[in-house]
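Following: one structure in structure tokens, then a few remarks.
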Amino acid sequence: MASKIATSLQAIIDLAELQGGLFSAGQAAEQGITHSALSTMTRGGYLAREAWGVYRLSTWKISPHASLWRAVLWAQVGDSATQPVISHRSALALHGASLDNPVKIELTLPSEKRRITRRQPPPAVRLHFRSLRKDEKTTVDGLPATTMFRTMVDLLIDREAKDAVSYVMAHGVHDGKLSDAEYRRLRPLYDLDAELLDRILNEHRSK
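Numbering (the working numbering), first residue to last: 36 to 242.
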């Protein structure tokens, strides 16, 4: 039994190492590890259950981004093909463009997932459903996230984090958060009057 546990742990340790020591049951299944084996390792103290379908190597030092990894992996439980990305206020903080600690972890999932996502998100998670291009996604400290430019677009359209958005618009190019070209593309949206921005928001939500 001990050798079997050691083999199972070795199969997931490389993956968990890249995810703050966490992994999903779906990812474990792809490595040939059954739910029964996960339960055995959890009872034995090798794993800690972090959320529904999400586990952590119990000896692993808790990552500063553990809550973000927990949310991302939760969104993939039962559908490992789903590619959630950290977005909106959470992405802004992850990019180091805000000192705020968002109350909820915001994730964006593909638009088509809206119709088939049945599980209620954890209280600390807020879901958005939008189709993102590949060039609108990046990784920050290994975490999947919207690019700084896409983050700003989302916040401007949804009219959120106004103080932080204003700061980035005023200092983003100087701080290296935005390129000159990105700033020029964002500026017209930032300057829109409230009525026009409301119209864009309503049209966006109707899609």
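Note that CB positions come from ideal geometry on N, CA and C, so glycine has one too.
- Residues bridged to R91 by DSSP? Locating residue 91 in the sequence shown gives position 56, where the first residue counts as 1. According to DSSP, R91 bridges with L57, A83.
- Message: Here's a check: name, in chain order, each residue in its chain whose Cβ is nearer than 7 Å to the Cβ of Y225, leaving out the five neighbours to either side.
- Response: As a first step, residue 225 is located in the sequence shown; it is residue number 190 there, counting from the start. So the list reads L191, M204, once near-sequence residues are dropped.
- Message: Taking the straight line between their C-alpha atoms, what separation do you get for T94 and Y81?
- Response: Looking up residue 94 in the sequence shown gives position 59. Looking up residue 81 in the sequence shown gives position 46. Roughly 7 Å between the two C-alpha positions.
- Message: Please state the DSSP three-state secondary structure of L44.
- Response: Stepping through the sequence shown from its first residue, residue 44 is reached at position 9. DSSP places L44 in helix when its eight states are reduced to three.
- Query: Which residue's Cα is closest to the Cα of L53: S122, W104, A216?
  - Reply: Position 18 of the sequence shown holds residue 53. It is W104.
- Per DSSP, cross-strand counterpart(s) of F164: Position 129 of the sequence shown, counted from the first residue, corresponds to residue 164. In the DSSP output, where bridge partners are listed per residue, F164 has L144.
- Output yes or no for whether 7 Å exceeds the beta carbon distance between R165 and T143. Along the sequence shown, read from residue 1 onward, the residue named residue 165 stands at position 130. Along the sequence shown, read from residue 1 onward, the residue named residue 143 stands at position 108. Cβ atoms of R165 and T143: closer than 7 Å.
- Message: Tell me the rounded alpha-carbon separation between I40 and A196.
- Response: One-based indexing of the sequence shown puts residue 40 at position 5. One-based indexing of the sequence shown puts residue 196 at position 161. Answer to the nearest angstrom: the Cα atoms are 46 Å apart.
- Proximity to K172 [Cα-Cα], best of A83, S122, Y90: As a working note, residue 172 is residue 137 in the sequence shown. Comparing Cα-Cα distances from K172 to each of A83, S122, Y90, the minimum goes to S122.
- Message: Under DSSP, the alpha helix (DSSP H) around P179 begins and ends at which residues?
- Response: Looking up residue 179 in the sequence shown gives position 144. Where P179 is concerned, there is no enclosing alpha helix (DSSP H), although the beta strand (DSSP E) it sits in stretches over 178 to 181.
- Starting from V107, trace the alpha helix (DSSP H) both ways and give me its first and last residue. Position 72 of the sequence shown, counting from 1, holds the residue named residue 107. Its alpha helix (DSSP H) spans residues 101 to 111.
- CA-CA distance, D215 and M183? Translated into the one-based positions of the sequence shown, residue 215 becomes position 180. Translated into the one-based positions of the sequence shown, residue 183 becomes position 148. Taking the straight line from one Cα to the other gives about 13 Å.
- Query: Taking the alpha-carbon positions, what's the A64 to V89 distance?
  - Reply: To locate residue 64, count along the sequence shown from 1; it is residue 29. To locate residue 89, count along the sequence shown from 1; it is residue 54. Each residue's Cα considered, the two are about 12 Å apart.
- Contact belief for A248 with L92 at Cβ below 8 Å, rounded distance in angstroms: Outside the displayed span of the chain (36 to 242) sits residue 248, for which this structure offers no information.
- Considering only C-alpha positions, which residue in the set V107, P179, L227, S71 is nearest to F58? Here residue 58 refers to the residue found at position 23 when the sequence shown is read from its first residue. For the residues V107, P179, L227, S71, the minimum Cα distance to F58 belongs to V107.
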